[in-house]
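The letter at position 226 of the sequence shown is residue 376 when you use this note's numbering, and the numbering goes up by one with no holes.
All C-beta atoms, glycine included, are put in the ideal place defined by N, C-alpha and C.
What follows is a short report on a single structure.
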Amino acid sequence: MKIFKGRIFSFLRKPEDINDTGSYIYLEKGGVTFDDKGIIIEVDDYSKLSKKYENTETIDFGSKIIFPGFIDLHNHFPQTQVIASYGTKLLEWLNKYTFPNESLFVDDKHCERESKIFLDLLNHNGITTSVSFGSVHPNSVEYLFQEAHRRNMCVIAGNVLMDRNAPDTVLEKADKSYLSSKEIISKWHNVSRCKYAITPRFAITSTPELMEVSQTLCAENQSCYVQTHLSENIDEIKTTLELFPDQKDYLSIYDKYKLLSNKTLLAHSIHLEMNEIERMKETKSIAVHCPTSNLFLGSGLFKFKELEEKGVRTAIATDVGGGTSFSMLRTLDEAYKIQQLGNYSLNPLASYFWSTMGNAECLGLQDQIGTIKTGNCADLIVLNSKSTPLMRHRMEKCKTIEEELFILQTLGDDRAIDSVFIAGKKIK
Ligand code: GUN
Ligand code: ZN
151 MKIFKGRIFS FLRKPEDIND TGSYIYLEKG GVTFDDKGII IEVDDYSKLS KKYENTETID
211 FGSKIIFPGF IDLHNHFPQT QVIASYGTKL LEWLNKYTFP NESLFVDDKH CERESKIFLD
271 LLNHNGITTS VSFGSVHPNS VEYLFQEAHR RNMCVIAGNV LMDRNAPDTV LEKADKSYLS
331 SKEIISKWHN VSRCKYAITP RFAITSTPEL MEVSQTLCAE NQSCYVQTHL SENIDEIKTT
391 LELFPDQKDY LSIYDKYKLL SNKTLLAHSI HLEMNEIERM KETKSIAVHC PTSNLFLGSG
451 LFKFKELEEK GVRTAIATDV GGGTSFSMLR TLDEAYKIQQ LGNYSLNPLA SYFWSTMGNA
511 ECLGLQDQIG TIKTGNCADL IVLNSKSTPL MRHRMEKCKT IEEELFILQT LGDDRAIDSV
571 FIAGKKIK
């Protein structure tokens, strides 16, 4: 058992606006205790905890902020070396850079090395839960799960299902994918802190047979998640509707194969029709915003306010390697700028909620991750708002915790992530 001492910030519920001080706990001289299994026992003022748990080791983080670990709801484990590939939009980017790089994951040694590097980079940036695409090769997620298990990290992942419109080196026939997916589910789903996501890449790389396989996997494994891409890019939407001419819109393709539920994560969801928005609301499926990717690939501007108002559930993610940063702080900053272009100033309480408790709720895992509360995992990060000369200087004028969080997201990066703990164990 241990006590962490410092400033503590964690959400209690979704904030209504920037003045909603009842939506979070903020303890200036706080403490959090957790047991040897990394489960949080108590959060309170440090003075009370230190009396109650007299002989317990205290780790003092001074004036730094103890915060729930960030949750990344969408990224691609085989794309770490695709980041910063110049000059293309989605479909050309996939063909020119991404598919060739993903084909390297046929090699086990490559999978092993990349899974370690990938999770290191996430953890280094304060991301303690990851929802990830593998490559088409089943061993890609096998190695990712092994590495997640080794560090006791919550990782939700799936081998990507794709059987057309890409090089043979990244395609697998639908019946073979069914068998390999089944095998990984039985080996890893709900084992350690790993969970499986059925992962048809997107409609363009899926034959109707592959969609049927996804449907069957879904029906047979209802506790698994589903992750795919939706309406990211105008050319993508056009090609998709040409491939599925009997469907009235993009979302209807996934709907036809019964892939939409409250466990379905639809990355991007930018250029949606009214019918699609309505259907996402009805099915409780989740629009996953990937701001750095949407800007980098010139895909479009996510309509956060409209989706919120229409009652669609939303989440936030890095989308590495279309996304350009493993940092959730950089991701929140770009999300803010995208909303500014739509004349909406996303407030820092909303964006930090998104990246912690909000994403946890989207996964239905709010009683395990995303907040610092009794019974949750001690997936904790320590934020340093004075980690660069500019931040130190700017912080001289900072008056409130909301302002401090905004400074952190606007100016911060991996240097602001002082320490990272997964289930109470130090990883950075
Ligand atoms: N759509 C289908 N595959 C991908 C991918 O790997 N990245 C992004 N950003 N969009 C996709
Ligand atoms: Zn993606």
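DSSP lists L311 as the beta-bridge partner residues of P350. Residue pairing from DSSP places I189 in a beta bridge opposite C527. Distance from the C-beta of L240 to the nearest heavy atom of the ligand GUN is below 8 angstroms. In this structure, the straight-line span from the alpha carbon of A510 to that of L416 is close to 16 angstroms. Taking V462 as the centre and dropping the five residues before and after it, the same chain places the C-beta of I427, M430, K431 and A437 closer than 7 angstroms to its C-beta, in chain order. Classified as exposed, H543 has fewer than 16 neighbouring CB atoms from the shown chains inside 10 Å of its CB.
For V320, the number of other beta carbons within 10 angstroms of its own is at least 16, and it is reported as buried. With a cutoff of 8 angstroms, C512 does not count as near the ligand ZN, since its C-beta is closer than that to no heavy atom of the ligand. Residue pairing by DSSP puts E207 in a beta bridge opposite K152. At least one heavy atom of the ligand GUN lies closer than 8 angstroms to the C-beta of H226. The criterion of a C-beta distance shorter than 9 angstroms is not satisfied by G156 and V570.
With contacts defined by Cβ atoms closer than 9 angstroms, G525 and M507 do not form a contacting pair. Per DSSP, F249 is one residue of the alpha helix (DSSP H) stretching across F249 to E252. Spanning the alpha carbons of F227 and Y494 requires a straight line of approximately 32 angstroms.
Distance between Y328 and D385, taken at the CA atoms: about 29 angstroms. For a cut-off of 8 angstroms, the C-beta gap from N251 to V232 is around 5 angstroms, short enough to register as a contact. Residue side-chain check: H299 keeps its Cβ at 8 angstroms or more from all non-hydrogen atoms of the ligand ZN. By the 16-neighbour rule on beta-carbons within 10 angstroms, T433 is buried. Checking the 8 angstroms criterion, the Cβ of H379 is within range of a heavy atom belonging to the ligand ZN. Taking a C-beta distance under 9 angstroms as the contact criterion, I335 and L311 do not qualify as a contact pair. Annotation: the stretch 279-329 contains the following complete segments of the beta strand (DSSP E) (minimum length 3 residues), in chain order: 304-308. Contact fails between the stretch 392-412 and the stretch 464-479, because fewer than three Cβ pairs, one in each stretch, are under 8 angstroms apart. The alpha-carbon of E292 is positioned some 11 angstroms away from that of Y346.
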